[in-house]
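Counting in our numbering, the sequence shown runs from 463 upward without gaps.
Report on the structure given below.
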Amino acid sequence: MDVLLKICAVGIASLITISIVKAYKPEFTVSVSLCAGIILLYLTIDSLKTGFGFITGIYEELSYGKEYFPIILKVLAIAYITEFTSAICQDAGEKSIAGKIELAGKIAIFFAAIPVFTSLLELLNSLI
């Protein structure tokens, strides 16, 4: 809960700072937004330590499907990194670049998930 309050406080402070900077030096708003995004990303990643500890405990108890767990985590990481980068580009006014980044992320997720699709098809084939 403390981390969420910190993230919200940094977000509000960043919004106020960007509004002030935009009024006097609009060319610096992208830099301030990028710095705020990096700080927010750091706070978010730092708060994930507890979640990763929980996920590690689940992973160690699995008896079947351990090979899919890293793939799922990789897909989640690709999705979050793509979304974060795309949002930064959109904040900078570059929607075209943001769209290309999102497309690249979707393609990367597709390729990362191919082993899962292959295993699923093999399972279906063995059932038929």
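Every residue, glycine too, gets a C-beta built ideally from N, C-alpha and C.
As the structure is a prediction and not an experimental result, all values here were calculated from the model.
Cα-Cα separation between residue i and residue j, rounded to whole angstroms
i, j, result
"residue 516", "residue 496", "31 angstroms"
"residue 588", "residue 491", "57 angstroms"
"residue 572", "residue 536", "11 angstroms"
"residue 522", "residue 488", "51 angstroms"
Exposed unless 16 or more other CB atoms sit within 10 angstroms - verdict on residue i
i, result
"residue 520", "exposed"
"residue 512", "exposed"
"residue 518", "exposed"
"residue 567", "buried"
Sub-8 angstroms separation of residue i and residue j beta-carbons
i, j, result
"residue 548", "residue 560", "yes"
"residue 578", "residue 509", "no"
Helix, strand or coil at residue i according to DSSP, with G and I counted as helix
i, result
"residue 590", "coil"
"residue 554", "coil"
"residue 568", "helix"
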